[in-house]
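Numbers 1 to 386, taken from the UniProt record's numbering, label the letters of the sequence shown in order.
Quick reminder that beta carbons are idealized off the backbone N, C-alpha and C, glycines included.
Remember, it's a predicted structure, so these values are computed and weren't measured experimentally.
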Amino acid sequence: MNATKAFYIENQFGPPSELVNVAQFVHSTPQVLSLVQHPPEIAEQCSVADIRDSITSVGNDAHAMAYLIKSHEYEVSSLHMAAERTARTRKRPPARDTSNDTQDTARLQSELDGVALESWKLQPTSGIFIRPVKSSDQNTLTHVKTTRTDDARLSAHTQQALLTVTVHDKLAWRQTHVSRSSQHVLLSSQTLGDLFDMIPCTSNEITEEIMDAGRVIGYRDAVPTRPGSVICIEGLAYGDGESESDYADKLIQHLQNTSKEPASLSKAPTTMHDTPLSSLSLRIGEPYWLLHHGNCEHFIVIEQIRLQHPSDPPSGYPLTLQITPPILDGCRACSKVPAVWSIMNDERLGESPCTLCGPCWTAMGDPRNDKVLAVPFPKYELGWWL
1 MNATKAFYIE
11 NQFGPPSELV
21 NVAQFVHSTP
31 QVLSLVQHPP
41 EIAEQCSVAD
51 IRDSITSVGN
61 DAHAMAYLIK
71 SHEYEVSSLH
81 MAAERTARTR
91 KRPPARDTSN
101 DTQDTARLQS
111 ELDGVALESW
121 KLQPTSGIFI
131 RPVKSSDQNT
141 LTHVKTTRTD
151 DARLSAHTQQ
161 ALLTVTVHDK
171 LAWRQTHVSR
181 SSQHVLLSSQ
191 TLGDLFDMIP
201 CTSNEITEEI
211 MDAGRVIGYR
221 DAVPTRPGSV
231 ICIEGLAYGD
241 GESESDYADK
251 LIQHLQNTSK
261 EPASLSKAPT
271 TMHDTPLSSL
281 SLRIGEPYWL
291 LHHGNCEHFI
301 VIEQIRLQHP
311 SDPPSGYPLT
321 LQITPPILDG
331 CRACSKVPAV
341 WSIMNDERLG
351 ESPCTLCGPC
361 WTAMGDPRND
371 KVLAVPFPKY
381 ELGWWL
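Shown next, in the form of structure tokens:
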């Protein structure tokens, strides 16, 4: 990564915090909390249970949620049109469809209109600060995804810290911008290797090539194994330790050969699978670099470090909170369903590569020459779903 790209990418995060020693945080925070007393009357005054219950009841009602979503979309559309309206165009926002309104939705709207907070309703200038929905706002998971863990190892740690970690990827169409791809929660006793194993990535599903005389003639259907990886944190490169010279060694050697300045990166004394998070000092909001599978890059950002609360799940860590839906290529023949093949060197098609779905590729029949190659797309099976 060159300096210009690194500058643009790092400016999309932070500003980072000071270094937080995770082990020191776990041991010192309970002592601080023990000095703070919370009388029951103060706890009752600060409770937001009534707000939580009312929001939960509305969220569990499909008709009420549909009404709120449509009402919000109408208000936002009206704000944007009002901001773009000029004396020449004089556009008016379309009227809201009220055909599906019921007595329940009318009562809900009346309750919302009765909120006395001045900041509750959208102001005419709110449209400046409202952006359209992005793919990273979506979630493929319907509930938190758990993982089987080593209970014997975790039970040896009575006091735990929870680390919320967000994974960001470069945008395919703009390499200087990143987008969130997933979010996870780990225990402080778990390792960097546990984090790496949780990250869903299409590179992990690249199938093995079948070679003949130095030429690719096909792909195997077997699930591939993960090749090398390295995570760079605070000037240390944590390799996978799968070989005598792993990705950490190769990365440092590459920097020494290509950089004119002395490399500021050194190899960590332990591998990622032998490095518990409790042994690290981390910055919140700092993008840490992850490289694997040749040239696949991710940016790991610590969003939160806190003590485990009784209301948190007692087991199943690492947890996956969010996975951004993958962007699928469409079939270039029927334009109706996602493609599963990328066809190379087929003279019957107007482009190479050409993306096709299964039925369309079958309907094409056998290719006319042996240079045609059908490359399978990832099936999104490794960690993408519950």
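Starting from residue i, trace the beta strand (DSSP E) in both directions and tell me its first and last residue.
| i | result |
| --- | --- |
| Ile-231 | 229-233 |
| His-177 | 174-187 |
| Met-211 | 209-212 |
| Met-342 | According to the sequence provided, residue 342 is Ser. The question's Met does not apply to it. Taken as a continuous stretch (DSSP letters only), the beta strand (DSSP E) holding Ser-342 covers 341-344. |
| Ala-333 | It is not in any beta strand (DSSP E) - Ala-333 carries neither H nor E in the DSSP assignment. |
| Val-216 | 215-219 |
| Thr-320 | 319-323 |
| Leu-382 | From DSSP, Leu-382 is part of no beta strand (DSSP E); its letter is neither H nor E. |
| Leu-19 | No beta strand (DSSP E) holds Leu-19; DSSP gives it neither H nor E. |
| His-292 | 287-292 |
Just the C-alpha distance for residue i and residue j, rounded to the nearest angstrom, thanks.
| i | j | result |
| --- | --- | --- |
| Val-20 | Tyr-288 | 14 Å |
| Leu-186 | Ser-78 | 42 Å |
| Val-116 | Asp-169 | Position check: residue 116 holds Ala in this sequence, whereas Val was assumed. Cα-Cα distance, rounded: 42 Å. |
| Arg-348 | Pro-359 | 16 Å |
| Gly-235 | Gln-45 | 46 Å |
| Ala-374 | Ala-23 | 51 Å |
| Gln-308 | Met-198 | 20 Å |
| Leu-290 | Asp-329 | 26 Å |
| Ser-126 | Leu-280 | 42 Å |
| Val-372 | Cys-331 | 18 Å |
| Phe-25 | Gly-285 | 17 Å |
| Ser-335 | Thr-176 | 30 Å |
| Ala-333 | Pro-378 | 19 Å |
| Gln-12 | Ile-130 | 18 Å |
| Glu-41 | His-27 | 29 Å |
| Pro-313 | Lys-145 | 11 Å |
| Ile-300 | Ser-245 | 24 Å |
| Pro-353 | Pro-16 | 42 Å |
| Ser-229 | Asp-240 | 6 Å |
Pick from the options: whose alpha carbon is nearest that of residue i?
| i | options | result |
| --- | --- | --- |
| Glu-261 | Ala-268, Ile-252, Thr-355 | Ile-252 |
| Tyr-238 | Ser-266, Ser-259, Ala-213, Met-211 | Ser-266 |
| Ser-147 | Cys-232, Leu-319, Lys-379 | It should be noted that the sequence gives Thr, not Ser, for residue 147. Closest option to Thr-147, Cα to Cα, is Leu-319. |
| Ile-231 | Met-272, Ile-217, Lys-250, Glu-242 | Met-272 |
| Thr-102 | Ile-300, Cys-354, Met-65, Leu-192 | Met-65 |
| Ser-63 | Asp-104, Asp-246, Pro-132 | Note that residue 63 is His in the sequence shown, not Ser. Of Asp-104, Asp-246, Pro-132, the residue nearest in Cα terms is Asp-104. |
| Ile-323 | Thr-202, Arg-332, Glu-286 | Thr-202 |
| Cys-357 | Asp-366, Glu-351, Asp-346, Ser-342 | Ser-342 |
| Gly-316 | Met-81, Asp-194, Leu-108, Ser-110 | Asp-194 |
| Ser-99 | Tyr-67, Lys-121, Gln-123 | Tyr-67 |
| Gly-218 | Lys-70, Met-344, Glu-75 | Met-344 |
Rounded to whole angstroms, how far is the Cβ of residue i from the Cβ of residue j, which I believe are closer than 8 Å?
| i | j | result |
| --- | --- | --- |
| Asn-204 | His-293 | 7 Å |
| Thr-207 | Arg-215 | About 17 Å; that fails the 8 Å criterion. |
| Pro-200 | Ser-179 | Rounded, the Cβ-Cβ distance is 14 Å, inconsistent with contact. |
| Arg-306 | Leu-192 | Not confirmed; about 19 Å, so no contact. |
| Ile-184 | Leu-282 | Ile is not the amino acid found at residue 184; the sequence shown has His there. Not quite, the Cβ-Cβ distance comes to about 14 Å (not below 8 Å), so this is no contact. |
| Glu-303 | Val-165 | 7 Å |
| Leu-277 | Ser-136 | Not really, about 24 Å apart at Cβ, beyond 8 Å. |
| Trp-384 | Thr-158 | Contact flag wrong, Cβ pair sits at about 34 Å. |
| Val-340 | Pro-376 | 7 Å |
| Pro-367 | Asp-346 | 6 Å |
In the DSSP assignment, find the unbroken alpha helix (DSSP H) run with residue i in it and report its ends.
| i | result |
| --- | --- |
| residue 401 | In the structure displayed, the chain extends from 1 to 386; residue 401 sits before or after that span and is not available. |
| Glu-44 | 40-45 |
| Thr-105 | 103-113 |
| His-254 | 247-258 |
| Leu-192 | 192-198 |
| Val-58 | 49-59 |
Helix, strand or coil for residue i? Go by DSSP, reduced to three states.
| i | result |
| --- | --- |
| Ala-156 | The predicted position of Ala-156 is uncertain, since its pLDDT is 49 and thus under 50; no value can be drawn from it. |
| Cys-360 | helix |
| Leu-163 | strand |
| Leu-141 | coil |
| Phe-299 | strand |
| Ser-119 | coil |
| Asp-240 | coil |
| Gln-24 | helix |
| Ser-266 | strand |
| Leu-349 | coil |
| Val-372 | coil |
| Lys-134 | coil |
| Ile-128 | helix |
| Thr-146 | coil |
| Thr-355 | strand |
| Ile-305 | strand |
| Ile-69 | helix |
| Pro-367 | coil |
| Ile-284 | strand |
At a cut-off of 7 Å, is residue i close to the ligand MG when judged by its beta-carbon and the heavy atoms of the ligand?
| i | result |
| --- | --- |
| Gln-159 | As far as ligands go, the structure on display features none, and thus does not contain the ligand MG. |
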